[in-house]
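A.B. asks: Structure in structure tokens, see below.
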Amino acid sequence: MSPMNIGEPWMWASFIAFIVCMLALDLFVFGGRKAHRVSVREALAWVIAWSGLALAFAALLWWYLNDTFGAQVAQRKTLEFLTGYLIEQSLSIDNMFVFVMIFGYFAVPPELQRRVLLYGVLGAIVMRTLMIFAGVWLVSQFAWLLYVFGAFLMITGVKMLIFANQQPDLARNPLLRWLRRHLRVTDGFHGERFFVRLDGVRWATPMFLVMVLIEASDLIFAVDSIPAILAITTDPFIVFTSNIFAIMGLRALYFLLADMAERFHLLKYGLAIVLVFIGGKMLLMPWFHVPIQWSLGLVAGIILASVLLSLLRNRKNPQALAKINERDPGTAKRCSNGKKWTKPSDV
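Shown next as structure tokens:
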């Protein structure tokens, strides 16, 4: 990892202004404020847009650093950004599986999912920013924490390999049970509203529970993702920008892949191997340095292989895929036709 930090004040200000402008465009121009079902074409356009913007940012970063500090610094920092972005984007896909489960459990109508994910993005940006600066500061003060993070990532990766096929039971989720005990919750949705007044009494809606669970899931995944990118670089600007680009593209990626999430059933194994690799890289730093080019290539190769193997397995075993698609058909039907949500009997 290079000790050099490149984030000058004007770079921070420019990037933050860019993100604020993009959020404003989403809210006030591209229909973020209107409840509507996001089509595959719209989601694909946003995925391409955010991926293109991330690559354009990498190109601008290389151009500026090459002109200012030379080719060696430019190459290293650009590769750090691309590797960090790929890691964050890959781990975000695992977060997407949780979104699918939460929306399916509450049977959130498709036209209401966009708004709650937008709030999820805003909350994730705030939480990730705080965690990034805290993590970078801690590592700068206590270098040995990198080995703690490395061990944590390896343990997390091994646990993910062992329990990849297990689905968490939301009905027993401690946070959800606590919210239901302490809040009055309506039986159905009231549009995009999180709270309503009924007979003069303030009630939370299921939409509020969904938002809290979405934010909580991102916080949990951030505990994995922040240490993972700190294995690549401790430059706050690189860590921050790669995280934010991945977060901003997550919502569009969800709408593009949500209906196909179960088709990529081997992806979790790929993500687990990535975590083990990154954790091992951190633990071996004093004795063996993995070049940034190798890290980028290995992470990309592992993710690509897990996706291709998933698709190949689906083609060779269509009966297994049919069983996956038939899992909990009632929930899938409620989600697709947008009928009113009713309180599950087991909560």
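Per the working numbering: the sequence shown = residues 107 to 453.
For every residue, glycine included, the Cβ atom is placed at its ideal position computed from N, Cα and C.
Just so you know, these numbers come straight off a predicted model, no measurement behind them.
1) Nearest by alpha-carbon distance to Phe361: which of Met202, Met313 and Asp324 is it?
2) Can Thr340 and Ser246 be called in contact, C-beta distance under 9 Å?
3) When you compare only the Cα positions, how much space is there between Phe124 and Arg221?
4) Mind checking Lys439: buried by the 16 CB within 10 Å criterion, or exposed?
5) When we look at the beta-carbon of Lys265 and count the other beta-carbons within 10 Å, is it buried (16 or more) or exposed?
6) With a cut-off of 8 Å on the beta carbons, I'd call Leu197 and Phe327 a contact; round off their distance for me.
7) From what residue to what residue does the alpha helix (DSSP H) around Ala162 run?
8) Taking Cβ to Cβ, would you say Glu321 is nearer than 9 Å to Ala257?
9) For Asp330 versus Thr235, is the C-beta spacing smaller than 9 Å?
10) Could you give the C-beta distance for Phe187 and Val316, rounded to a whole number, given that I count them as a contact under 8 Å?
11) For Asn111, which residues from the same chain have a beta carbon less than 6 Å from its beta carbon, with the 5 sequence-adjacent residues on both sides left out?
12) On a Cα-Cα basis, can you pick out the residue from Ile199, Val204 and Asn420 that is closest to Pro354?
13) Output the residue ranges of the beta strand (DSSP E) runs that lie fully inside the segment 227-253 and measure 3 residues or longer, sorted by chain position.
14) Count the C-beta pairs between the segment 404-415 and the segment 369-385 that are closer than 8 Å, then say yes if the count reaches three, no if not.
15) Quick check: what's the CA-CA separation for Phe383 versus Val396?
16) When we look at the beta-carbon of Arg372 and count the other beta-carbons within 10 Å, is it buried (16 or more) or exposed?
17) Reducing DSSP to helix, strand and coil, say where Ala310 ends up.
18) In whole angstroms, give me the CA-to-CA distance for Arg303 and Asp293.
19) Whose C-beta lies closer than 7 Å to the C-beta of Leu150 among residues of the same chain, with five residues either side of it excluded?
20) Check for me: the alpha helix (DSSP H) holding Phe346 runs from which residue to which?
21) Can you list, in chain order, the residues of its chain with a C-beta nearer than 8 Å to that of Ile398? Leave out the 5 residues immediately preceding and following it.
22) Report the rounded CA-to-CA distance for Leu289 versus Leu159, giving the unit in angstroms.
23) Does the distance from the CB of Leu224 to the CB of Asp305 come in under 9 Å?
24) Could you pull out every residue in the same chain whose Cβ sits closer than 6 Å to the Cβ of Asn172, ignoring the five residues on either side in sequence?
25) Leaving out the 5 sequence neighbours to the left and right, which residues in its chain are closer than 6 Å to Ala164 when beta-carbon positions are compared?
26) If you scan the segment 311-339 from start to end, which runs of the beta strand (DSSP E) of 3 or more residues do you find wholly inside it?
27) Kindly indicate the opening and closing residues of the beta strand (DSSP E) around Leu185.
28) Apart from the five residues just before and just after Phe314, which ones in its own chain have a Cβ nearer than 7 Å to its Cβ?
29) Measuring only the C-alpha atoms, how far is Trp118 from Met128?
30) Who does Phe301 pair with in a DSSP beta bridge?
C.D. replies: Inspection of the coordinates gives the following:
1) To locate residue 361, count along the sequence shown from 1; it is residue 255. Nearest C-alpha to Phe361: Met202.
2) Here residue 340 is taken as the residue at index 234 of the sequence shown, counted from 1. Here residue 246 is taken as the residue at index 140 of the sequence shown, counted from 1. Yes, the Cβ-Cβ distance between Thr340 and Ser246 is below 9 Å.
3) Locating residue 124 in the sequence shown gives position 18, where the first residue counts as 1. Locating residue 221 in the sequence shown gives position 115, where the first residue counts as 1. Approximately 21 Å between the Cα atoms of the pair.
4) The count along the sequence shown starts at 1 and reaches residue 439 at position 333. Low local confidence applies: a pLDDT of 40 at Lys439 is under 50, so the model's placement there is unreliable, with the coordinate-based value given in what follows. The residue in question, Lys439, is exposed, as its Cβ has fewer than 16 Cβ neighbours within 10 Å.
5) Indexing the sequence shown from 1 puts residue 265 at position 159. With fewer than 16 Cβ atoms within 10 Å of its Cβ, Lys265 is classed as exposed.
6) Within the sequence shown, the letter at position 91 stands for residue 197. Within the sequence shown, the letter at position 221 stands for residue 327. That pair is a contact at about 6 Å.
7) Your numbering for residue 162 matches position 56 in the sequence shown. Taken as a continuous stretch (DSSP letters only), the alpha helix (DSSP H) holding Ala162 covers Val146 to Thr174.
8) As a position in the sequence shown, residue 321 is number 215, starting the count at 1. As a position in the sequence shown, residue 257 is number 151, starting the count at 1. Not in contact: Glu321 and Ala257 (Cβ atoms no closer than 9 Å).
9) Walking along the sequence shown from the start, residue 330 turns up at place 224. Walking along the sequence shown from the start, residue 235 turns up at place 129. Their beta carbons are not under 9 Å apart, which means Asp330 does not touch Thr235 by this criterion.
10) As a first step, residue 187 is located in the sequence shown; it is residue number 81 there, counting from the start. As a first step, residue 316 is located in the sequence shown; it is residue number 210 there, counting from the start. Not really, about 33 Å apart at Cβ, beyond 8 Å.
11) Locating residue 111 in the sequence shown gives position 5, where the first residue counts as 1. Cβ neighbours of Asn111 beyond the five flanking positions: Asp341.
12) Reading the sequence shown from its first residue, position 248 is the one you call residue 354. Residue identity differs from the one stated: residue 354 is Met in this sequence, not Pro. The shortest C-alpha separation from Met354 is found at Ile199.
13) none
14) yes
15) Working through the sequence shown from its first residue, we reach residue 383 at position 277. Working through the sequence shown from its first residue, we reach residue 396 at position 290. Going from the Cα of Phe383 to the Cα of Val396 covers about 10 Å.
16) Working through the sequence shown from its first residue, we reach residue 372 at position 266. In the sequence under discussion, the amino acid at residue 372 is Leu, which differs from the Arg named in the question. Flag for Leu372 reads buried.
17) Against the sequence shown, residue 310 aligns to sequence position 204. Ala310: strand per DSSP, three-state reduction.
18) Counting from one through the sequence shown, the residue named residue 303 turns up at place 197. Counting from one through the sequence shown, the residue named residue 293 turns up at place 187. Going by the C-alpha atoms only, they are around 14 Å apart.
19) Within the sequence shown, numbered from 1, the residue matching residue 150 stands at position 44. Cβ neighbours of Leu150 beyond the five flanking positions: Leu362.
20) Counting from one through the sequence shown, the residue named residue 346 turns up at place 240. Start and end: Pro342 to Leu363.
21) In the sequence shown, counting from the first residue as 1, residue 398 sits at position 292. Here the set comprises Arg182, Leu185, Glu186, Thr189 and Ile338.
22) Reading the sequence shown from its first residue, position 183 is the one you call residue 289. Reading the sequence shown from its first residue, position 53 is the one you call residue 159. Computed Cα separation, rounded: 41 Å.
23) The sequence position of residue 224 within the sequence shown is 118, counting from 1. The sequence position of residue 305 within the sequence shown is 199, counting from 1. Contact: no.
24) For the purposes of this step, residue 172 is taken as the residue at position 66 of the sequence shown. Once the five neighbours on either side are set aside, the close Cβ partners of Asn172 are Ala180.
25) Stepping through the sequence shown from its first residue, residue 164 is reached at position 58. Thr184, Phe187 and Leu188, listed in sequence order.
26) none
27) The residue you call residue 185 lines up with position 79 of the sequence shown. Looking at the DSSP string, Leu185 is not in any beta strand (DSSP E); the run it does join, the alpha helix (DSSP H), is Ala177 to Phe212.
28) Start at 1 with the first residue of the sequence shown, and residue 314 comes out as number 208. Counting only Cβ-Cβ distances below 7 Å, and skipping sequence neighbours, we find Phe300 and Phe301.
29) Here residue 118 is taken as the residue at index 12 of the sequence shown, counted from 1. Here residue 128 is taken as the residue at index 22 of the sequence shown, counted from 1. Roughly 16 Å between the two C-alpha positions.
30) In the sequence shown, residue 301 corresponds to position 195, counting from 1. In the DSSP output, where bridge partners are listed per residue, Phe301 has Ala310.
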